[in-house]
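Residue numbers (my numbering): 56 to 322.
Even for Gly, the Cβ is constructed at its ideal location relative to N, Cα and C.
Source: prediction; values computed, not measured.
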């Protein structure tokens, strides 16, 4: 997979991996801050943004995409910053390619199975979102406001809708609006996206101490609970946990200055 990417700054390499429904666009603000010390690469993962759509969306796929990206761009070693699904991609890649990891920064996701640990609500939330996205008849859409109106029938949270609307684009040939992510395939692979890269996946590699690891969590988010810290320490005994007050799951957008400061703690 030839991943689309954005590049800025100079210095040691830092690769940013976005989460579900995200893209490199969402990291432009943070990248300007991080570019003061790093050459920052912001990728679009498969089935997202301007990267290609495929019929598969596993963590093995995303790990292999990242390995190919490192090889193509002659990145021998880099700090890897992954958010949510991108954080799990980063952990999985780092476990298999430790020699390519300078430091590992994980934003608001834990190495756990969110289905098995009584977090089924998250799965059904995303299932509802992806079904709503697939149900839109874009032949009836004249503006992004129309998309929002359709989504509002099934998604009450305005902040989620605003985030999803960043994935709406107009097809240059047909002039019709469309999604810039592959909602159908993401729906098909949702169970792995939510449950994958957990202690059972990593158990033959732990404890992992080959590279420094930092977890950054938003204190208004439920993705990394206090009880998850013990699990994190079992896998990464030397990991640092940094809390950002007044930030939810999209902590890099909600508290960009504090988030950048947290990244700079280790980078």
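Sequence ranges, beta strand (DSSP E) only - wholly within the region 235-320, length at least 3: Taking only runs of at least 3 residues, the beta strand (DSSP E) segments lying wholly in the region 235-320 are 268-273, 295-299.
- prompt: If you follow the beta strand (DSSP E) that residue 196 is part of, which residue opens it and which one closes it?
  reply: No residue range can be given for residue 196, since it is assigned to no beta strand (DSSP E) and is classified by DSSP as neither H nor E.
field: Nearest neighbour of residue 262, chosen from 243, 294, 277 [CA to CA]
entry: Closest option to residue 262, Cα to Cα, is 294.
C-alpha gap between residue 123 and residue 317, whole angstroms: 28 Å
CB of residue 159 within 9 Å of CB of residue 120, strictly: no
message: Check for me: the beta strand (DSSP E) holding residue 97 runs from which residue to which?
response: Looking at the DSSP string, the run of the beta strand (DSSP E) that includes residue 97 is 93-98.
- prompt: Assuming residue 205 and residue 76 make a contact with CB atoms under 8 Å, what is their CB distance in whole Å?
  reply: Residue 205 to residue 76, Cβ: 16 Å. No contact.
task: Please check the pair residue 244 and residue 153, which I expect to be a contact at CB under 8 Å, by giving their CB distance rounded to whole angstroms.
output: That pair is no contact at about 26 Å.
- prompt: What are the residues that DSSP puts in a beta bridge with residue 134?
  reply: The partner list for residue 134 (beta bridge, DSSP) reads 69, 158.
task: For residue 166, count neighbouring C-beta atoms within 10 Å of its own C-beta (all shown protein chains included) and say buried if the count is 16 or more, exposed if not.
output: buried
8 Å contact criterion, which residue 163 and residue 73 should meet: CB distance rounded: In fact, because the Cβ distance is near 12 Å, the residues do not count as touching under 8 Å.
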